[in-house]
Amino acid sequence: MSEHEAYIREAVALAEANVRAGGSPYGAVIVRDGAVLVRAANTVHATNDPSAHAEMVALREASQVLASRDLSDCVMYASGRPCPMCHAAMRLAGFREGYFAFSAEEAEEHGAGSAAIYAELCRPLDEQPMRLSQIRPAGSAPYAAWRARREA
17 MSEHEAYIRE AVALAEANVR AGGSPYGAVI VRDGAVLVRA ANTVHATNDP
67 SAHAEMVALR EASQVLASRD LSDCVMYASG RPCPMCHAAM RLAGFREGYF
117 AFSAEEAEEH GAGSAAIYAE LCRPLDEQPM RLSQIRPAGS APYAAWRARR
167 EA
């Protein structure tokens, strides 16, 4: 068994244990320098936090353990394909590599996937089911202030 397969099996075992505990079938393992840094399962059922997906819980914990938001030297192993939110968070954290066991389509077959959300997000804003519209307030410039602070 390869190292990658061993970590994937661990993520799947976390997902299976989470189902037995009343949660959804998602687990994640973050590895750094060949060692497990964190293990996490989806905690949405326990916290009512819709962002408490296994990958997000693992990212938050890893950032705390390392006291850094830069996780570019880590690898994510997930039981299922990361949803768009988790995928984006992984990119924002600097991940260069990740692996998953089951596809979004496989999860969707059992009522647990995010394949439909992937498809929706590829459509123009005005064709998506959630209305998202821009309202630009006069006089506000948070991006310019942020850039000026960084360049000071």
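In our numbering, the protein residues as written are 17 to 168. Note that CB positions come from ideal geometry on N, CA and C, so glycine has one too.
- Just so you know, the alpha carbons of E26 and F118 end up roughly 13 Å apart.
- Under the 8 Å Cβ criterion, the region 72-84 does not count as touching the region 117-135, having fewer than three qualifying pairs.
- Per DSSP, reduced to three states, the secondary structure at R36 is helical.
- Between A128 and S40 the beta-carbon gap is near 6 Å, inside 8 Å, which marks them as a contact.
- From the listed residues V91, M17 and E124, the smallest Cα separation to L75 is found for V91.
- Separation of M106 and P145 (C-alpha to C-alpha, rounded to the nearest whole angstrom) is 25 Å.
- Contact check for R55 against S88 fails: the beta carbons are separated by 8 Å or more.
- Cα atoms of L148 and L141: separation of roughly 7 Å, rounded to the nearest angstrom.
- If you look at M72, you'll find it in the alpha helix (DSSP H) that goes A70 to L82.
- With a 10 Å radius around the Cβ and a threshold of 16 neighbouring Cβ atoms, E71 comes out buried.
- Non-local beta-carbon contacts of G50 in its own chain, meaning distances under 8 Å to residues more than five positions away in sequence, involve E19 in chain order.
- Contact between A62 and L30 is absent: CB atoms are separated by about 14 Å, not below the 8 Å threshold.
- V47 and A135 have their C-alpha atoms some 30 Å from each other.
- Proximity to A78 across T59, L53, H69 and M101 peaks at L53, based on C-alpha coordinates.
- Per DSSP, Y159 lies in no beta strand (DSSP E) segment; the continuous alpha helix (DSSP H) that holds it begins and ends at P158 to E167.
- Residue V45 holds the alpha-carbon nearest to the alpha-carbon of E21 among P153, G38 and V45.
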